[in-house]
Every structure is written in structure tokens, then in C-alpha cells.
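Colleague: Chains A and B, in that order, are what the protein sequence lines are. All residue numbers for the first sequence refer to our numbering, where the first residue is 17 and numbers rise by one. All residue numbers for the second sequence refer to our numbering, where the first residue is 1376 and numbers rise by one. Backbone N, C-alpha and C fix where the C-beta goes; we use that ideal spot for every residue, glycine too.
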Amino acid sequence: MLVVEGLVKRFGGFTAVNNVSFKVDQGEILGLIGPNGSGKSTIFNMLSGTFPPTSGSIRFGGKEIAGLPPYRIINSGVGRTFQIPRPFRRLTIFENVALAGYYGQGSHSLAKAEEAAERALDMVGLQTDRAASVDGLGAAGLKKLELAKAIATGPKLLLADESLGGLDETEMNQAADMLRKIRTELGITIIWVEHIMGVLMRVVDRVMVLDHGEKISEGLPSAVSHDPRVIEVYLGTDAHATQATAAAAAGGSPTTR
Amino acid sequence: MNTRLAWAVGLTALVALPFAYRDPYHLHIMVLILIWSFAYTSWSIMGRFGLVSLGHGGFMGVGAYVTTLLWNHLGVSPWIGIPVAMLCAGALALVVAYPCFRFRITGHYFALVTLALSGIVLQIIIATRDYTGGSLGYTPERTKGSHILALQFDDKIVWYLIALGVWAGGLAVWYWIDRSMSRYAMEAISEDEDAAAAAGVNVTAEKLRITVISAVMTALAGALYGQYQMFISPDTVSGIAVSLQMVFAAVVGGIYVALGPTIGAIITIMLAEVLRVGFGTKAVGWDNLVYGVLLVLFIIFLPKGILGSLLAWVKSPRKHRDG
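Spelled out as C-alpha cells, the structure:
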């Protein structure tokens, strides 16, 4: 459903993304991992239209979307979340999501937007008290709101920029389960960006690893976590622990310590 | 329901007023207040979303001058001239605002670009003095035929009712935007353009829409002012001073509440009149000095404006009681 070919992004003399190609199939969860600064967010920003690629092609559902303005990409069925939640603090929680439901679907019907907002809030498990302010939300709540906004735009493909770093282990697992639930219940295809491997490996169907803007590995979680290049990239942080956790998670057995 | 009743009673009282009380000086002041209230409301339609324009004097000038020029030189009735002037202001707003929004010129930089717009319109009026009368001002020619066709009335009551209708229309537009999804979108845009875009908002188009509505309304205010006063000059309907006066009045009254700009108009016009009547020619320009000092004080101590702060104060104890 998404075919990316030869994607390049340069900022002045710095190449943030260098000749990256990949495909995402209908209904799959693709994990996109790599250390900080490896180009994950840059790829997301190009997929969602925040800025155009320097060169390369992005075809979504057979149509070229590279370089289109964000609102047209969103309306064609690509939703996104930001790594750091960006709620609109002058609007209530409900208004935040209703806004996304209204403009994101291009339906321009208030009733439909509110219905989409109710469903999205219900999906992520946020209260639907319409007067509730964003200021009452903690880190986990803001992540849920971010996700609800993206779901309310009615995406076929969800770009989830989930830096789970700010969450504890229980919250991380909840977030991972949430993405799986979104895929199963709403049939939304997901690209999940993360810089730590652990939880991600348990949920995704396929993984793509980036380093310095280049794709260094792609495949099943179990295979990728044994790829020497991937291990090397993560060496110096906690290569062995990561590998062990990832391998165990990919194998389906719970991690024991 | 209560607010609706209050509006109905208030509007009826305002419509009935000139038939019961017809002191010409006071009626004159009220017409001025209504026309300027409408202009300030028009400004606040975009100003409340952080789109601070210092160019609205330019739109007002376009409204007044295009209407009068068409009438004096081509004999076009203001009934056609005013819509043409409004279209011109809308087109001007598009030409200035599109590049700003497209290339993300926001905040202070946007204010500076619009400030330049004020200056340019002023310079054009002065430079084409053979047609516009330059800085000496310009007078619409007295009609020899129909007063209605020329939109020239000697009776202040007629002007009062016209101004009242237009002012109410301005408030209606304010409320219409306030209750529409556009308000959500504009609030979102004023906080974070990228996040608004990620929610599917066409950021440039939304901002342009609000800007054009605001500019077109301001042009109408300028045209009405010219028709009422039968005299326009760059100082009174155009230029930077007028632009700043709009910002000042709207901020003082409150830019986040519908009647804020109206309260601002009442305060500024009363202040100018009190200074004029009380001190005569000795106080020429004093009102600007007072405006300046007050503007600084308001931005620091009462950013919501007089009405906005008052409403917030009235509402807050009630919240405490509920909680």
C-alpha cells in the first residue's frame, strides 16, 4: 500500500536520509528503528508532507504523494503522531480530537467529526467529558491524545512516532498493545518509529533499521536482532542486553531477568 | 436563552433610542462609536488568533477612497462602489497575506509586513494627490439627485440605524466564526502550525480566509465612515496611526470577547472627545499619548482587555461555588 523508492533528504550539505527504499503491505505493522539522528523522524516528516524529499518517490495506494502539502496527504489517508505530543492547549481534549476528525477526513460535517472524535477517544481509553482540559493530562495521557487525534483523521496508514522513553515499562507495554489493537480493530496499517528495540520487537511484523540515514537491515524481528550490523549500531549502548531482550521478545517468550 | 433575550432587548433599545432621544451631538458620537466598533471588531476577527495586523488602516483607506473616487470621477453609486471597494481590499489582503502565510511569516514579522502595507497605502493616496486630494483630504461630491442612490443622508437617525445594522452584522460574523470549526482550526494554527497541518488543516487557506473576511469588513467600515463624515483624509481613515488605533482599542476592550472591541471604541472615542472638549486645541495629540501609555499598561496588566477581564472575574467566583 505504501511504496517508497530512493528517498533522499539533504539539509544543506548534510544528508539526513540517503537513498532509502521500502514497502509496507496492507494490515502490517512495520517497525522503524535506529539510534537518535538516524533519519527516522525525517522519513516521517517526508511521508506526512511536513517537508518535501530532495528526491525519490512515495506512492501511497498507487498515487504519488511526495511533496504534497500535509493536509492533502492526511486527507488521502495517512495519519501521524509526533514524537513529543503537540496538543492544542487552548482547546479541550474533545475539541482537539474533533478538529482532527473534521479537517482530517475532509468530510466537513460537524456531526461526523464529533462521532469520529468519540470513537477515537474511546479507542485510546481517554475520558470523553467534553469540557475536560488538556492541562489535566500527564505524559501517558498526552500520548493517548496524540494517538486519538491521528486516529480521528481516519487513516488507512498510521505513522506512529512513539518515543516511549518518557514512559515506564507498564505504560510502554500498554502503548504497544494499543497499537496492536488499532491494527486489529480498525484495520489500520502502521509504521512504528522507535529508538529502543525491546517492546517494539514483540508487536511488529517486520523491522527496518536505519543508521546515519541509510537502511542497514530489514526483515523479521528475530532475524534483524541477530544481524551483526544492527548489533554493531547498538553496541556502545547496551548491545547484548538489547539483543537478548529483542530476541526473547521476538521469540514470543516473556523477558525474564 | 437568557443571553438571547438580553441581546433582543438590548438591540431593540438601541433601535428605539434615536426616536426618543435626538440630541445631534450625542447621536453623532454614537454613530462614530458604532462605525469604529465595527472596524475594531473586524480587526479582532483575525487579531484574536494571533494574526496581529498593523495594516488595517490600509484596508480602511481602500474602502473609503475607492468608494469616493468611483463616485466623484465616474459617478458610480456607492451601492456599487462599496462592494467594489470591498473586493479591492480582499484582493489586496490576498496579495499581501498569501506570500506571508505560504512562507510562514508569523508573529512580529507578519505585523511588520502589514505595517508596511499601511505605509504604502498612505503613500499612494498622497502621491496621487491630483485624484485623491493628497494629505489635504477629499470630499465626496454632494448629490444633485437621489440621496438614497448617493448614500448621502442629512438625517443623523438614518446614519445611526445604518451604523447600528452594520455593527450588529459584524458581531454576527464574529459569533459565526466563534461557533464554527474555523475557530478550532485557527486556535490550533496559532499554537502550532505543524500540528494543525497534521490534523488535516489547510493552514494557509484557513489563515487567508480569516484575513480576507477581516479585510473586507474593515473596508466596509472605511467606506461608511467616508459616506457619513463626507470627508476623508489619510490621517482619519488610513495610515499607520489608524492601524495602531485599531490595535489599541481592540486590546483595551478585549480581543477574545465579542463586545470587547465595542467597549474599546466607546473608551477611545469618549477619551478623545473629553480631551477635545475639555482642553480644546491645547490637547491636540494628547489622546495619542494617553493611548500609548494605556496600551503598554494593558498589555502588561490586563491582556484580556477590560471586558475580557471583567467577564473572567464574573465567571470565576461562580466556578468556585460549583466546585
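Just grab the DSSP bridge partners of residue 1557(B) for me.
Modeller: Paired residue(s): none; residue 1557(B) is not in a bridge.
Colleague: Using a Cβ cut-off of 8 Å, pull out every chain B residue sitting near residue 107(A), in sequence order please.
Modeller: Simply 1559, 1562 and 1563.
Colleague: Between residue 286(A) and chain B, is there a C-beta pair that is closer than 8 Å?
Modeller: No information on residue 286(A) is available, as it lies outside the stretch 17 to 273 that chain A covers here.
Colleague: Verify the CB distance criterion: does residue 57(A) have a CB-CB separation below 8 Å to chain B?
Modeller: Not an interface residue.
Colleague: For residue 167(A), count neighbouring C-beta atoms within 10 Å of its own C-beta (all shown protein chains included) and say buried if the count is 16 or more, exposed if not.
Modeller: Residue 167(A) should be labelled buried.
Colleague: What three-state label does DSSP hand residue 89(A) in the structure shown?
Modeller: Looking at residue 89(A) - three-state DSSP - the assignment turns out to be helix.
Colleague: Can you confirm whether residue 1570(B), when its beta carbon is compared against all beta carbons of chain A, has any partner nearer than 8 Å?
Modeller: For residue 1570(B), the answer is yes, since a Cβ of chain A falls inside 8 Å of its Cβ.
Colleague: Could you tell me how far apart the beta carbons of residue 108(A) and residue 148(A) are, in whole angstroms, since I believe they sit closer than 8 Å?
Modeller: That pair is a contact at about 6 Å.
Colleague: Closest Cβ-Cβ distance between residue 165(A) and chain B: below 8 Å?
Modeller: True, the Cβ-Cβ gap to chain B drops below 8 Å.
Colleague: Who are the neighbours of residue 1639(B) on chain A, taking C-beta pairs under 7 Å?
Modeller: Neighbours of residue 1639(B) on chain A: none; closest Cβ ~22 Å, over 7 Å.
Colleague: If the cut-off is 7 Å on Cβ atoms, which residues from the stretch 1545–1557 of chain B count as contacting chain A, listed in chain order?
Modeller: From the stretch 1545–1557 of chain B, only 1556 have a Cβ closer than 7 Å to chain A.
Colleague: From residue 1579(B) to residue 1447(B), what distance separates their C-alpha atoms?
Modeller: Roughly 38 Å separates the two Cα atoms.
Colleague: If we ignore side chains and look at the alpha-carbon of each, how far apart do residue 34(A) and residue 230(A) end up?
Modeller: If you take the alpha carbons of residue 34(A) and residue 230(A), they lie about 5 Å apart.
Colleague: Following the continuous alpha helix (DSSP H) through residue 4(A), name the residue where it begins and the one where it ends.
Modeller: Nothing about residue 4(A) can be reported from this structure: the residues present for chain A run from 17 to 273 only.
Colleague: Using 8 Å for Cβ pairs, my map puts residue 1628(B) next to residue 1674(B). What's the rounded Cβ distance?
Modeller: Incorrect: roughly 13 Å between the Cβ atoms, too far for contact.
Colleague: Using a Cβ cut-off of 8 Å (strictly closer), state whether residue 1633(B) contacts chain A.
Modeller: Closer than 8 Å: no.
Colleague: Going along chain B in order, which residues have a C-beta closer than 7 Å to the C-beta of residue 77(A)?
Modeller: Within chain B, no residue comes near residue 77(A); the closest Cβ sits about 17 Å away, beyond 7 Å.
Colleague: List, in order along the chain, the chain B residues whose C-beta lies closer than 8 Å to that of residue 111(A)?
Modeller: Neighbours of residue 111(A) on chain B, chain order: 1559.
Colleague: Taking Cβ-Cβ distances below 9 Å as the criterion, which residues of the stretch 122–150 of chain A are in contact with chain B?
Modeller: Cβ contacts with chain B: 122, 124, 126 and 129.
Colleague: Which of the three DSSP states, helix, strand or coil, is assigned to residue 71(A)?
Modeller: Strand.
Colleague: For the alpha helix (DSSP H) that residue 178(A) lies in, which residues bound it at each end?
Modeller: Where residue 178(A) is concerned, there is no enclosing alpha helix (DSSP H), given that its DSSP letter is neither H nor E.
Colleague: With 8 Å set as the bound, which would you pick, yes or no: does the beta-carbon of residue 1427(B) sit closer than that to a beta-carbon of chain A?
Modeller: False, the Cβ-Cβ gap to chain A never drops below 8 Å.
Colleague: Please tell me whether residue 1573(B) has its Cβ less than 8 Å away from any Cβ of chain A.
Modeller: So yes, residue 1573(B) belongs to the interface.
Colleague: Whose CA, out of 1586(B), 1655(B), 1466(B) and 1649(B), lies closest to the CA of residue 1419(B)?
Modeller: Measuring from the Cα of residue 1419(B), the nearest candidate turns out to be 1586(B).
Colleague: So if DSSP puts residue 76(A) in a beta bridge, which residue, or which two residues, is it bridged to?
Modeller: Answer is 18(A) and 79(A).
Colleague: Can you have a look at residue 1691(B) and say buried or exposed, based on whether 16 or more other CB atoms are within 10 angstroms of its CB?
Modeller: Counting Cβ neighbours within 10 Å, residue 1691(B) comes out exposed, since fewer than 16 surround it.
Colleague: Pick out whichever of 1652(B), 1608(B), 1620(B) and 1665(B) has its Cα sitting closest to the Cα of residue 1507(B).
Modeller: Among 1652(B), 1608(B), 1620(B) and 1665(B), the Cα nearest to that of residue 1507(B) is on 1608(B).
Colleague: Count the C-beta pairs between the stretch 115–134 of chain A and the stretch 196–206 of chain A that are closer than 8 Å, then say yes if the count reaches three, no if not.
Modeller: Counting Cβ pairs under 8 Å, fewer than three are found: no touch.
Colleague: Classify residue 1657(B) as buried or exposed, calling it buried when 16 or more other Cβ atoms lie within 10 Å of its own Cβ.
Modeller: When all chains shown are included, residue 1657(B) counts as exposed.
Colleague: Taking DSSP's pairing of strands, which residues face residue 231(A) in a bridge?
Modeller: In the DSSP output, where bridge partners are listed per residue, residue 231(A) has 226(A).
Colleague: Within 10 angstroms of the Cβ of residue 1645(B), are there 16 or more other Cβ atoms? Answer buried if so, exposed if not.
Modeller: Label assigned to residue 1645(B): exposed.
Colleague: Kindly list, in the order they appear in chain B, the residues whose Cβ is closer than 7 Å to that of residue 171(A).
Modeller: Near residue 171(A) there are no residues of chain B at all, since even the closest Cβ is about 10 Å away, more than 7 Å.
Colleague: Where does residue 10(A) fall in DSSP's three states?
Modeller: Only positions 17 to 273 of chain A appear in the structure, and residue 10(A) is not among them; the question remains open.
Colleague: Report the option in 1685(B), 1523(B) and 1568(B) whose CA atom is closest to the CA atom of residue 1630(B).
Modeller: Nearest C-alpha to residue 1630(B): 1685(B).
Colleague: In whole angstroms, what separates the C-alpha of residue 1403(B) from that of residue 1409(B)?
Modeller: Rounded to whole angstroms, residue 1403(B) to residue 1409(B) spans 10 Å at the Cα level.
Colleague: Counting only Cβ-Cβ distances shorter than 7 Å, please list the residues of the stretch 1453–1472 of chain B near chain A, keeping chain order.
Modeller: If the cut-off is 7 Å between Cβ atoms, the stretch 1453–1472 of chain B has nothing near chain A.
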